Amino acid sequence: MINPETCIDCSLCAPECPADAIFADNALPADQSHFIELNAELAEVWPVITQTNSPLAEADTWVDQGDKLQFLER
Ligand code: SF4
1 MINPETCIDC SLCAPECPAD AIFADNALPA DQSHFIELNA ELAEVWPVIT
51 QTNSPLAEAD TWVDQGDKLQ FLER
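Those letters in the sequence shown? Residues 1 to 74, per the working numbering, in order.
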């Protein structure tokens with residue numbers, strides 16, 4: 001999640017994401033517009049990442065799987 005209140009829209013993160021999961025809000029595909037509100041909500045409650053971590057062991061299994069929102073745990 002990216003906090004929309006603190007993001008300065010520099011666009012550096014999008015090309016660095018190995019899963020191509022980051023979009024500028026003005027470049028978000030129309031069928032994913034619901035993620036703008038979800039991102040803002042979860043950015044307020046999920047912890048801020050302050051250091052680089054290795055990907056989870058199952059990351060490659062999930063990277064291309066669609067409709068992952070059904071598995072979101074809040
Ligand atoms: S790197 Fe991404 S999240 Fe961070 S300020 Fe730039 S656009 Fe925003």
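No residue lacks a Cβ here, since even glycine has one placed at the ideal position from N, Cα and C.
From a predicted model like this one, the values you see are computed outputs, not experimental measurements.
As a quick exercise: from Q65, C10, C17, I8, pick the residue whose alpha carbon is nearest that of T52. It is C17.
Own chain partners of I22 with C-beta closer than 6 Å, once the 5 adjacent residues on each side are dropped: Here I22 has C13, A14 as same chain residues with Cβ atoms under 6 Å from its own Cβ, once five neighbours each way along the sequence are excluded.
For W62, which residues of its own chain have a beta-carbon under 8 Å away from its beta-carbon, when the five flanking residues on both sides are left out? K68.
In angstroms with no decimal places, state the Cα-to-Cα distance between E58 and M1. The straight-line gap from Cα to Cα measures roughly 19 Å.
Give the C-beta separation of I36 and D25 to the nearest angstrom, bearing in mind that I take them to be a contact with Cβ-Cβ under 8 Å. The beta-carbon distance between I36 and D25, rounded to whole angstroms, is 6 Å. This is short enough to meet the 8 Å contact definition.
My output table needs one value for D52: the three-state DSSP class, helix, strand or coil. It should be noted that the sequence gives Thr, not Asp, for residue 52. Coil, per DSSP.
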